[in-house]
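Student:
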Amino acid sequence: MKNKFTTFINGNVAKEEVLEQLAFAGHAHFTAMQMRDYAVKGFEFHMTRLLQASQKLFSIELNEGDVIEQLQAAIREAPKDSSILITVFSSDGEFTQKSKDAELNIMIKTSAAHNGPTGPMRLKSFEYQRPLADTKHVGEIAKTYFMREAHNAGFDDAIFVHNNRVLEGSIWNLVGWDGEGLVWPKGPKLHGTMMQIIEAMAQQAGIKQSCVDISLSEIEQLDGLALLNSWTPCVPIAELDGKKLKLNYDFYTLLRTLHDNAVVTRLTDLNFR
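Count the sequence shown with the working numbering and you get residues 76 to 348, in order.
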């Protein structure tokens with residue numbers, strides 16, 4: 076194993092001219108994961124995401140073996156603790172019918188490991204629903220725009236509300252505690268990999284879960300609210316639109332414990348043939 080961060084495309088170190096094609100490649104999808112000691116939690120959810128999104132955006136079946144083979148080549152160059160970004164795109168780019176049924180390219184980028192913010196965070200709500208919300212696709216300028224709008228207003232980040240339903244955060248899922256179990260907002264949103272890990276582990280532990288329509292006024296009444304994504308299973312939320320929320324440290328500990336107990340997949344042990 077080496078100890079450097081690199082970007083690979085189709086198993087080879089990315090060349091400048093190829094990276095230039097990606098500068099405005101808005102028709103692509105990706106997944107992001109955290110690797111620790113060459114292992115990843117919820118790896119099966121990342122693979123399912125890539126396979127389903129490739130079919131949805133390109134009408135092509137992505138070869139899972141190719142992804143694994145190229146991923147192993149990339150991590151051989153990287154530190155054992157790294158962030159990994161896998162992007163799938165077509166050389167035909169966007170704004171063209173050619174991107175349908177085109178040959179897919181796989182870009183794998185490694186970078187420094189990241190554990191996410193610790194919080195508590197203060198959030199501001201915005202009326203917005205992400206297009207193709209169930210797909211983790213690139214080119215979403217609105218997410219950064221609303222994050223910055225929230226920061227300019229004195230908050231840490233943004234959450235999205237549509238038709239009086241709380242949906243998700245800018246780059247986060249939301250989960251609450253109602254005194255009896257986990258509460259997930261219902262509506263168009265990304266079914267995040269960390270969300271899937273927590274759902275699976277909570278089900279295994281016999282913890283009650285519900286997915287319900289929830290308004291801003293209702294979410295403020297929860298007995299604890301947190302953000303989660305591939306960085307972390309829990310960032311406590313202390314304030315929403317200037318209103319103080321209850322900080323429930325038992326709830327936060329539960330989320331972290333569920334994540335700690337999740338099975339890891341050692342990427343170096345995967346078979347791709």
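Heads up, the beta-carbon is just placed ideally off N, CA and C, and yes, glycines get one too. On a predicted model such as this, the values are computed, not experimentally measured, just so you know.
#1: Taking its Cβ as the centre, do 16 or more other Cβ atoms sit within 10 Å of G244, making it buried, or is it exposed?
#2: Relative to the C-alpha of K120, which candidate in M182, I273, V88 has its C-alpha closest?
#3: With H, G and I counted as helix, E and B as strand and the rest as coil, what does DSSP make of L126?
#4: I'd like the list of long-range same chain contacts for R34, defined as Cβ closer than 7 angstroms, with 5 residues on each side in sequence excluded.
#5: Quick one, are the C-beta atoms of L322 and P308 less than 8 angstroms apart?
#6: Tell me whether the beta-carbon of F83 lies closer than 8 angstroms to the beta-carbon of A153.
#7: Closest by CA to D344, which one among I150, A277, L302?
#8: Relative to the alpha-carbon of G117, which residue among L330, S305, L329, K318 has its alpha-carbon at the smallest distance?
#9: Where does S157 land, buried or exposed, given buried means 16+ other C-beta within 10 angstroms?
#10: For T106, does the count of other Cβ atoms within 10 angstroms reach 16, so buried, or fall short, so exposed?
#11: Hey, quick one: how far does the alpha helix (DSSP H) through K218 stretch, first residue to last?
#12: Which of the three DSSP states is assigned to G350 in this structure?
#13: Return the residue from the list D335, R205, V142 that minimises the CA-CA distance to W247.
#14: Which two residues bound the contiguous beta strand (DSSP E) that contains I307?
#15: What is the DSSP secondary structure of V338, counted as helix, strand or coil?
#16: If you draw a straight line from the C-alpha of L179 to the C-alpha of G317, how long is it?
#17: With a Cβ-Cβ cutoff of 8 angstroms, do L242 and G262 count as a contact?
#18: Given a threshold of 16 other Cβ atoms within 10 Å of its Cβ, counted over all protein chains shown, does R240 qualify as buried or as exposed?
#19: What is the C-beta distance between A208 and L291, in whole angstroms, given that I count them as a contact (C-beta under 8 angstroms)?
#20: Looking only at its own chain, which residues have a Cβ that is under 7 angstroms from the Cβ of I282, when we skip the five neighbours before and after it?
Tutor: In short:
#1: buried
#2: The question names Lys, but residue 120 in the sequence shown is Phe. Nearest option by C-alpha distance: I273.
#3: DSSP, read as helix, strand or coil, puts L126 in helix.
#4: Here the chain comprises residues numbered 76 to 348, so residue 34 is not present and cannot be evaluated.
#5: no
#6: Contact annotation: F83 and A153 have beta-carbon atoms that are not nearer than 8 angstroms.
#7: I150
#8: S305
#9: buried
#10: buried
#11: 216-227
#12: The structure shown does not extend to residue 350, since the chain is modelled only from 76 to 348, so the question has no answer here.
#13: R205
#14: Here the sequence assigns Thr to residue 307, which means Ile is not the residue at that position. That run of the beta strand (DSSP E) goes 307-315.
#15: coil
#16: L179 and G317: Cα-Cα distance of roughly 45 angstroms.
#17: yes
#18: buried
#19: The Cβ separation is near 18 angstroms, so there is no contact.
#20: G256, L257
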